Amino acid sequence: MTDDRPDAILWDWDNTLIDGWAAITAALNAVFRHFGRPVWTVMETKAQVRGSARDTFPTMFGVRWEEARDIFYGTLSASHLDHLKPMPGAEAMLRAASLWPQAVVSNKAGDFLRREVAYIGWEPFFGAVIGAGDAAADKPAAAPILLALERMRYDGERSKVWYIGDTALDMQAARAAGCTAILLGDAAHDGGIARAAFDHHIQDGHALAAMLNVLHGRP
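Residue numbers (my numbering): -5 to 213.
Here is the structure:
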């Protein structure tokens, strides 16, 4: 893989760069309590949450999905910044990748995503920050990745773009866009590595940061 240098690097957000699962779980549980349903643990949230709210809530809550959405985002708005923690090695990865164009493509609602990026101080790393609702469709569709590349003014080969994420859905989105799919971590919360259909697998953020430094000829 050390010969496969990227021309641009795109990142998933939750569980790739940021651990914000406590806030997501609290917001979902507010919805579940409202509808008289059992609440989830953080581990259950990690195992269940993949798609955006606009893609998953109609199935979960039927005709009342917009009511559920409003409760979810109302709760999330009050607390999501308080629960943000960088994933291990995240800032080292971003700094190691800083000599390439970078962007974030997430299924978190775009307004919330951009607030989180700003709050944690990582705006300077990214040429685009694309969340759910920003493109015509959300991941696993190619649309948000293609929008990020457009905002970055990237017109090179898509196969030279790395999309780095932690789930099979991320890998599916990368392939749909013609990008190289990089799985970060063990995907234990997503059924394991075997189901992820990645192009390359990297153990953790520290390993990725080290590899990026090697690719750019830095010690």
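From the three backbone atoms N, C-alpha and C, an ideal C-beta is built for every residue, glycine too.
Computed from a prediction, not measured in an experiment: that's the story for all the values here.
Query: Within 10 angstroms of its Cβ, does ASP164 collect 16 or more other Cβ (buried), or is it exposed?; Result: buried
Query: To the nearest angstrom, how far is the alpha carbon of ALA254 from that of TRP156?; Result: Residue 254 lies beyond the stretch modelled for the chain, which goes from -5 to 213, so this question has no answer here.
Query: When you compare the CB positions of ALA167 and ALA97, do they come within less than 8 angstroms of one another, or not?; Result: no
Query: So TRP15 and THR53 are supposed to be a Cβ contact under 8 angstroms. How far apart are they, rounded?; Result: Not confirmed; about 21 angstroms, so no contact.
Query: Kindly give me the distance between the Cβ atoms of ILE158 and ASP(-2), rounded to whole angstroms, as I take these residues to be in contact under 8 angstroms.; Result: Wrong, their Cβ atoms sit about 13 angstroms apart, outside the cutoff.
Query: On the premise that MET81 lies in contact with SER13, defined as a C-beta separation below 8 angstroms, what is that separation, rounded to the nearest angstrom?; Result: Reading the sequence as shown, one finds Asp at residue 13 and not Ser. The Cβ separation is near 6 angstroms, so the contact holds.
Query: For the alpha helix (DSSP H) that contains ASN23, what are its first and last residues?; Result: 15 to 28
Query: Between the Cα of GLY186 and the Cα atoms of ALA175, ILE176, ALA170 and ASP160, which residue gives the shortest distance?; Result: ASP160
Query: Using beta carbons (cut-off 8 angstroms, strictly below), is PHE120 in contact with chain B?; Result: Within the model displayed, chain B is absent; a lone protein chain is all it includes.
Query: Can you tell me whether ARG147 is buried or exposed? The criterion is at least 16 other CB atoms within 10 Å of its CB, across all chains shown.; Result: exposed
Query: Evaluate GLU223 with the Cβ neighbour count: other Cβ atoms within 10 Å of its Cβ, from every protein chain shown; 16 or more gives buried, anything less gives exposed.; Result: Residue 223 is absent from the model: the chain starts at -5 and stops at 213.
Query: Taking the alpha-carbon of ALA2 as reference, which of LEU107, PHE120 and ALA188 has the nearest alpha-carbon?; Result: PHE120
Query: For LEU107, tell me which candidate among VAL33, GLY125, ALA137 and ARG48 has the shortest Cα-Cα distance.; Result: GLY125
Query: Can you tell me whether THR161 is helix, strand or coil according to DSSP?; Result: coil
Query: By the DSSP assignment, the beta strand (DSSP E) with MET116 in it spans what residues?; Result: It should be pointed out that residue 116 corresponds to Trp in this sequence rather than to Met. Taken as a continuous stretch (DSSP letters only), TRP116 belongs to no beta strand (DSSP E), as it is neither H nor E.
Query: Quick check for students: name the residue ranges of the alpha helix (DSSP H) that lie wholly in the segment 149 to 211, counting only runs of 4 or more.; Result: 162 to 170 and 199 to 209
Query: Bridge partners of LYS79, per DSSP?; Result: ASP13
Query: What are the start and end residues of the alpha helix (DSSP H) that includes TRP5?; Result: That residue, TRP5, is in no alpha helix (DSSP H); its beta strand (DSSP E) goes 2 to 5.
Query: Taking only the alpha-carbon atoms, compute the straight-line gap between ASP64 and VAL25 and give it to the nearest angstrom.; Result: 9 angstroms
Query: Please identify the residue among GLY172, ASP8 and LEU140 whose C-alpha is closest to the C-alpha of GLY45.; Result: ASP8
Query: When you compare each of ASP198, LEU70 and GLU117 to ILE176 by their alpha carbons, which one comes out closest?; Result: ASP198
Query: Can you say whether LYS102 is buried or exposed, counting buried as having 16 or more other CB atoms within 10 angstroms of its CB?; Result: buried
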